[in-house]
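J.: Read top to bottom, the protein sequences are chains F and Z. The opening residue of the first sequence carries number 274 in my numbering; numbering runs sequentially from there. The opening residue of the second sequence carries number 274 in my numbering; numbering runs sequentially from there. Glycine included, each C-beta is placed from N, C-alpha and C at the ideal position.
Protein chains: 2
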Amino acid sequence: MDWFLFCIFLAATFAAGATGAMFPTGEWYKQLNKPSWTPPNWLFPVAWTSIYLLMAFAGARVAVLEGSAYAMAFWAMQIAFNALWTPVFFGLRNLRASLPIMAGLWIAVFGATITHWQLDLWAGLAFVPYLTWVSVAAALNIAMVRLNPDQKPLRLETL
Amino acid sequence: MDWFLFCIFLAATFAAGATGAMFPTGEWYKQLNKPSWTPPNWLFPVAWTSIYLLMAFAGARVAVLEGSAYAMAFWAMQIAFNALWTPVFFGLRNLRASLPIMAGLWIAVFGATITHWQLDLWAGLAFVPYLTWVSVAAALNIAMVRLNPDQKPLRLETL
């Protein structure tokens, strides 16, 4: 594997992952009504770190293969939606606006999983935990909208 | 050009561009000390819309070419840093933390410009306005840090 190429993809995941550190969960997240099956807090950074490493690995493997155009387009799409979701959910505290972003992320990850799989088995497998986790995250986002109907987004412009 | 491929890249830019609509500039930005050469407000959405269209065009042209691995890795890196900058600057109002993100963005756009140019003249040219604009934005970010030394970031966790 081309390690410099891996590092560029990893830098992209670092930008997306930085949102998790910069937009902290804190008291606001604690007081939200959550479904019983919400994963424990400690699992989120562990899952995301593993997923970011796996997706950089998959990207670096597939980028050098012929016919990787769609795989690369979906890779780029998923990292952009990934970077957007956290600031909208934890920054703007906008549970509802997070839903279409999550939908875009799910579609991008689904597309990336299929297109990587078609070119390279290991790259395809590397996307499976991501697709699983994003499906859980989407279900969690939907459940939180339902369980917190009175939750108002933060109005940054009034601060 | 493969238009479906173009649309996937465009969807990625849409996620990054959505930050501009969701994290509005407003009163806080108005009261910041800005250098005399700050571009007028109306120019920002016009410039970004053009740049997003051009980068989707460049991505779709280059993705299908052999040897596009580095171009695609830099494309993915730039869109992730692009999506991150606005929430940190306008959401967290963290002028200082925006600087390393802007540095990462500049490096990614520079890398994308070079690698796209090597494969396709039009794709390379399509990245030139972006590189120019990001250089202006970086200079503006630096100037704003200098001109607003007492500006405190928003502490979301206390809200």
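Beta-carbon separation of L420 (chain Z) and L365 (chain Z) under 7 angstroms?
T.: no
J.: Is any beta-carbon of chain B found at less than 7 angstroms from that of I387 (chain F)?
T.: Absent here is chain B; the protein component of the structure consists of chains F and Z.
J.: From D275 (chain Z) to F330 (chain Z), what distance separates their C-alpha atoms?
T.: Approximately 10 angstroms between the Cα atoms of the pair.
J.: If you measure between the beta carbons of M375 (chain F) and A411 (chain F), is that distance less than 7 angstroms?
T.: yes
J.: Look at the Cβ atom of L378 (chain F), then the Cβ atom of V407 (chain F), and state whether they are nearer than 7 angstroms.
T.: yes
J.: Use the C-beta contact count for G332 (chain F): other C-beta atoms within 10 angstroms, 16 or more gives buried, fewer gives exposed.
T.: Under this definition G332 (chain F) is a buried residue.
J.: Excluding five sequence neighbours on each side, which residues of the same chain lie with their C-beta closer than 6 angstroms to the C-beta of A416 (chain F)?
T.: P308
J.: Select from Z:V382, Z:W358, Z:I380, Z:L372 the residue whose C-alpha is nearest the C-alpha of A289 (chain Z).
T.: Checking every option, the nearest Cα to that of A289 (chain Z) belongs to Z:W358.
J.: Check whether the Cβ atoms of V335 (chain F) and D393 (chain F) sit closer than 7 angstroms, and answer yes or no.
T.: Yes; because the gap between Cβ atoms is below 7 angstroms, this pair is in contact.
J.: Taking all protein chains shown into account, decide if F400 (chain F) is buried (16 or more other Cβ within 10 angstroms of its Cβ) or exposed.
T.: buried
J.: Could you have a look at W348 (chain Z) and say whether DSSP puts it in helix, strand or coil?
T.: helix
J.: Compute the beta-carbon to beta-carbon distance between L372 (chain Z) and V319 (chain Z), rounded to the nearest angstrom, for a pair I have assumed lies under 8 angstroms.
T.: No, L372 (chain Z) and V319 (chain Z) are not in contact; Cβ-Cβ is about 25 angstroms, not under 8 angstroms.
J.: Quick check: is the beta carbon of W390 (chain F) nearer than 7 angstroms to any beta carbon in chain Z?
T.: no
J.: Hey, how far is the Cα of Q351 (chain F) from the Cα of A385 (chain Z)?
T.: About 18 angstroms.
J.: With a threshold of 6 angstroms, establish whether the CB of A399 (chain Z) neighbours any heavy atom of the ligand HEM.
T.: This structure does not include the ligand HEM; it has no bound ligands of any sort.
J.: Of all the residues that make up the stretch 360 to 383 of chain Z, which are near chain F by a beta-carbon distance shorter than 9 angstroms?
T.: P360, V361, F363, G364, L365, R366, N367, A370, I374, G377, L378, I380, A381
J.: Using the C-alpha atoms, what's the distance from L327 (chain Z) back to W395 (chain F)?
T.: W395 (chain F) and L327 (chain Z) have their C-alpha atoms some 33 angstroms from each other.
J.: Helix, strand or coil for M417 (chain F)? Go by DSSP, reduced to three states.
T.: Assignment of M417 (chain F) by DSSP, reduced to helix, strand and coil, places it in the helix class.
J.: So with CB distances below 7 angstroms, who are the chain Z contacts of I352 (chain F)?
T.: Those are A349, I352, A353, listed as they occur along chain Z.
J.: Name, please, each residue of chain Z whose Cβ falls closer than 7 angstroms to the Cβ of P308 (chain F).
T.: When 7 angstroms is used as the limit between beta carbons, P308 (chain F) is near no residue of chain Z, the shortest such separation being about 24 angstroms.
J.: Around the Cβ of P360 (chain Z), are there at least 16 other Cβ atoms within 10 angstroms (buried) or fewer (exposed)?
T.: buried
J.: At the level of alpha carbons, what is the spacing between A294 (chain F) and F347 (chain Z)?
T.: 23 angstroms
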